[in-house]
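According to this note's numbering, the sequence shown holds residues 1 to 273 in order.
Built from N, CA and C at the ideal position, the CB exists for glycine as well.
Values in this document were obtained by computation on a predicted structure and should not be read as measured data.
Scroll down for the structure; my scribbles are underneath it.
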Amino acid sequence: MLEAIILGFVQGLTEFLPISSSAHLRILGEFLPNAADPGAAFTAITQLGTETAVVVFFWRDIVRIVSHWFRAIRGKIPHDDPDARMGWLIIIGSIPIVVLGLLFQDQIETTFRSLYVVATMLIVFGIVLGLADWAGAKRRKLEDLTYPHGLYFGLAQSLALIPGVSRSGGTITMGLLLGYERAAAARYAFLLAIPAVFGSGFYQLFMSMGEPAVYGPVETAVATAVAFGVAILIIAVFMKWISRHSFLPFVIYRIALGATILILLGVGVLEPF
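Right, dumping it as structure tokens:
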């Protein structure tokens, strides 16, 4: 139970920062007494807690988007209404991760969880994030989001199926490359994650019933609750941070963590699986 609480805390702490929560759970599992990978199912289920925090934090936005989307469908308001468009943008942006998640499910649960893959992704996408933050124009606002750009965001989000990329990091990086402000890119990234995370979490919850796992249902439920509580605080802090600061601290952290894991793998302290 203590391990589950620790993992839930780390999940809530890292989910919305561009440092990959799935990578941290994968790495941390090796240093806990069980010394085992918590598993893709545990990670996906605990993400239900962090994503519920997104729903709470952005509740008014979500209600408005859903309401306007349905009203536009029924012809009550114009189809180019900003909130109705955002509904379509979230749907379009969610398609890539659904398709790729189903196509590569086996690799997601096995090959992609190698610590060599995790460490490499931390470093590579840390560098890409740093370059995007340095070179991005940061002029476009959320209102400027187009349907093709929504699809590009979705493709970037789907890279988070590989631990070490980071869901928020991948989508925010794409937003910066497309010229969006940091806060605008992050806001769309958080909204875009809602269907994907809930879909993946409930799917993994259903599929894991009766299956052997490192952590049982009670421990997983506690970890999910802890992740929710921590995530509520992190979202508010992160949204204020990125309005005034660069992503450089996260870039440095990612590269340092990835390099450390590669060194530990090289000297035999850690095993890839």
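Asked: Selection from R85, A160, Y180 that minimises the alpha carbon distance to K141; Found: Y180
Asked: Nearest candidate by alpha-carbon position, reference Q105, set L155, I162, P38; Found: I162
Asked: I123 versus R167: straight-line alpha-carbon distance, rounded; Found: 15 Å
Asked: Residue of G39, G229, S21, T50 minimising C-alpha distance to T111; Found: G39
Asked: Beta carbon of L233 nearer than 8 Å to that of S158; Found: no
Asked: G199 and V63 closer than 8 Å at C-beta; Found: no
Asked: Through-space distance from Q11 to Y147, alpha-carbon basis; Found: 31 Å
Asked: Nearest-angstrom beta carbon gap, V118 and A23 [assumed within contact, 8 Å]; Found: 5 Å
Asked: Which listed residue (W134, G93, A189, A186) has its alpha carbon closest to that of L151; Found: G93
Asked: Rounded C-alpha distance that separates D37 from S114; Found: 10 Å
Asked: Identified DSSP bridge partners for Y180; Found: R140
Asked: Element boundaries [alpha helix (DSSP H), containing H274]; Found: This structure gives no information on residue 274, because the portion of the chain shown stretches from 1 to 273.
Asked: Beta carbon of A4 nearer than 8 Å to that of A223; Found: yes
Asked: For H275, three-class secondary structure by DSSP; Found: Within the shown structure, residues of the chain are numbered from 1 to 273, placing residue 275 beyond reach of any answer.
Asked: For S94, the first and last residue of its enclosing alpha helix (DSSP H); Found: 82-103
Asked: Closest residue to L28 among A84, L7, G154, A196 (Cα-Cα distance); Found: L7
Asked: Cβ pair G49, V66 closer than 8 Å; Found: no
Asked: Simplified DSSP state of K240, which is helix, strand or coil; Found: helix
Asked: For S200, the three-state DSSP class (helix, strand or coil); Found: helix
Asked: Helix, strand or coil at D37 according to DSSP, with G and I counted as helix; Found: coil
Asked: Local Cβ density within 10 Å of F228, reported as buried at 16 or more and exposed below that; Found: buried
Asked: Three-state class that DSSP yields for R64 in the structure shown; Found: helix
Asked: Straight-line Cα distance separating Q47 from G164; Found: 15 Å
Asked: Close beta carbons around V197, own chain, < 6 Å, minus the five adjacent residues each side; Found: Q47, E51
Asked: Limits of the unbroken alpha helix (DSSP H) element including P249; Found: 248-266
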